[in-house]
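Residue numbers (my numbering): -2 to 183.
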Ligand SMILES: Cc1cc2nc3c(=O)[nH]c(=O)nc-3n(C[C@H](O)[C@H](O)[C@H](O)COP(=O)(O)O)c2cc1C
């Protein structure tokens, strides 16, 4: 046994931290790095905002359906998420399949939970990442939007906390609906 904490307590800490990240803007877990690997087999990373975490550890973020990350997820839905809390020297790595959600209930989310000034980002006439022609203003669509939600269902989680006298590293894996944890050499 590497620590006085049990793996269950550490799992609970992970859940609590992620929940805070989704609900508190100032929490370090409010932003995370999303890594995708498309057909080019090169890892691509970017920061996104953690919007929701379910009891079953499904983590959601919002994005534009035309973005590169969506192209990658359509090609290969296995993604990796990276969270870091500098105050606690705590790193959480999460892996799992991503599901792209679009449709009526997602439209409702867009209308209710996405503030007006943020909605504009999903209504550009050209796809995000398209080169802008010199001095041409960005054009926006009036009716249409390209908002979608991506939900990542965690199946592997790795916890690492740097501390004295020994660091603490635990790997959690999901089998059916149950999580099991094991301490690792940090
Ligand atoms: C602080 C911050 C938060 C961001 N949040 C999001 C987000 O929630 N969703 C998103 O699609 N892009 C977000 N971005 C932009 C992405 O990092 C990225 O540049 C963009 O989505 C294009 O990525 P892609 O071309 O790899 O799809 C954020 C960027 C920053 C700096």
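Every residue, glycine too, gets a C-beta built ideally from N, C-alpha and C.
Note that the structure is predicted; figures quoted are calculated from it, not measured.
- Bounds of any alpha helix (DSSP H) do not take in residue 135, whose DSSP letter is neither H nor E.
- For the pair residue 49 and residue 22, the Cα-to-Cα distance works out to about 12 Å.
- With the rule of 3 Cβ pairs closer than 8 Å, the stretch 58 to 66 counts as touching the stretch 111 to 128.
- When only Cα atoms are considered, residue 73 and residue 35 end up about 6 Å apart.
- Annotation: the stretch 63 to 105 contains the following complete segments of the alpha helix (DSSP H) (minimum length 4 residues), in chain order: 65 to 72.
- Residue 104 counts as exposed, since fewer than 16 other beta carbons sit within 10 angstroms of its beta carbon.
- Excluding the 5 residues flanking it on each side, residue 19 has same chain C-beta neighbours closer than 7 Å at 47, 48, 49, 50, in chain order.
- Within the DSSP bridge table, the entry for residue 12 names no partner.
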